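Worksheet for the structure shown next.
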Amino acid sequence: MAVKPQTWWQGWRYRGGGTMIAWLLHRIGGLAMVLFVGMHVFASFLTQQFGSDVGTAINIVYESPYFQAPLYFLVIFHALNGLRIILLDTFPKLLEYQREVTWLQWIVFIPLYGLAVFFIVARILSGE
Numbered sequence: 003m004a005v006k007p008q009t010w011w012q013g014w015r016y017r018g019g020g021t022m023i024a025w026l027l028h029r030i031g032g033l034a035m036v037l038f039v040g041m042h043v044f045a046s047f048l049t050q051q052f053g054s055d056v057g058t059a060i061n062i063v064y065e066s067p068y069f070q071a072p073l074y075f076l077v078i079f080h081a082l083n084g085l086r087i088i089l090l091d092t093f094p095k096l097l098e099y100q101r102e103v104t105w106l107q108w109i110v111f112i113p114l115y116g117l118a119v120f121f122i123v124a125r126i127l128s129g130e
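Numbers in the numbering used here are just positions in the sequence shown, counted from 1, shifted up by 2.
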């Protein structure tokens, strides 16, 4: 039987289930946290050293709920996914239940993120 040659694009095709989505969100969450911390340090530097309006503008951006809601999503997911990975690395026999542990992670994640969104919306409605 002849082997069909694959193109470079087929390597990027989505083939996984929930665990691949978890892998992708974990990486995106890590990058988002690095960018947020870098932006925060840069804005603090500009504001403190130069009294710059650019630093104040950056602060306004990352204090907005439109920035915070996705950031909280990624940070909470990254933390819970890291705990899932630690659990599976510590107890390798649980790897056969990886799908169930991923569902458990989502079951814990949804109320935590819902609570974060509740506080974001409450702050918007209070006018702060």
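For glycine and all other residues, C-beta sits at the position ideal for the given N, C-alpha and C. Only a predicted model underlies this, so the values are computations on that prediction, with no experimental measurement involved.
- For the 8 angstroms CB-CB criterion, Thr104 and Ala24 form a contact.
- Note on geometry: alpha-carbon atoms of Phe47 and Ala59 lie some 13 angstroms from one another.
- Straight across, the Cα-Cα distance linking Gln107 with Gln50 is about 40 angstroms.
- Gly57 sits away from Ala71, with the two beta carbons spaced by 8 angstroms or more.
- Remark: C-beta atoms of Tyr64 and His28 do not approach each other more closely than 8 angstroms.
- Taken through DSSP and simplified to helix, strand or coil, Gly20 comes out as helix.
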